[in-house]
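Working notes, structure below.
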Amino acid sequence: MYQKDLDALLLKDSSGLPCSFLLFGYCRYLSTLYCERLLTLFSGESDTLKMYFDEYNFESAKNFLSQSSLFGDKLILVVKNDKKIPKKDVKELIEAAQRNNGLFIFEYFGDISVNKEDYHKTFSSFTRFFQPNNLQEIVALARTEATKYNLSIEDKYLSKIAYAMNMDLELI
């Protein structure tokens, strides 16, 4: 799905969301931003396990998603990795998330061009992020981030920061 489709999906009630998301592409900032947006939909009513890069362990991830929550919370597994997870493991994690009304989010930072169809067919929802291609998009994202921290910055200064940081959202 496109980024705008994911935006529309996030505006709906959290009960209608798919049980798995693949977030990947050329813009790590957007991938991480949308992962955080997904997590905020369930804040206060979820038990979350985050596994970053070398921390990932299939058995631990599967056990987490397979357990039932004592308080009826949604179990959310977030995996950030630059290495592919075997398709068999991904299927098992998605099935465990479906069985227990959980959510599996995979932020993939590696080369998706190799066997990308395997992942597209496996995940119920996937979004590929591209670097914003114009200054207005970058300024809008930077303004959103500044607002989050109660900072008031004029757009012309955000533009200058964007140019100084080579239009890289991760640096802004």
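Going by my numbering, the sequence shown opens with residue 181, and the numbers climb by one from there. All residues carry an ideal CB built from backbone N, CA and C; glycine is no exception.
Residue pairing for Tyr232: DSSP places it in a beta bridge opposite Lys260. Listed in chain order, the non-local C-beta contacts of Asn237 below 8 Å within the same chain comprise Met231, local neighbours out to five positions each way being set aside.
In chain order, Asp335, Leu338, Ser339, Ala342 place their CB closer than 8 Å to the CB of Val319, counting only its own chain and leaving out the 5 sequence neighbours on each side. Counting along the chain, the unbroken beta strand (DSSP E) around Glu287 starts and ends at 283-288.
Bounds of any beta strand (DSSP E) do not take in Leu245; it lies within the alpha helix (DSSP H) bounded by 238-246. According to the DSSP assignment, Leu338 belongs to the alpha helix (DSSP H) that extends over 335-344. Between the alpha carbons of Thr327 and Glu287 lies a gap of roughly 25 Å. Burial check for Ser195: the Cβ neighbour count within 10 Å stays below 16, so the residue is exposed.
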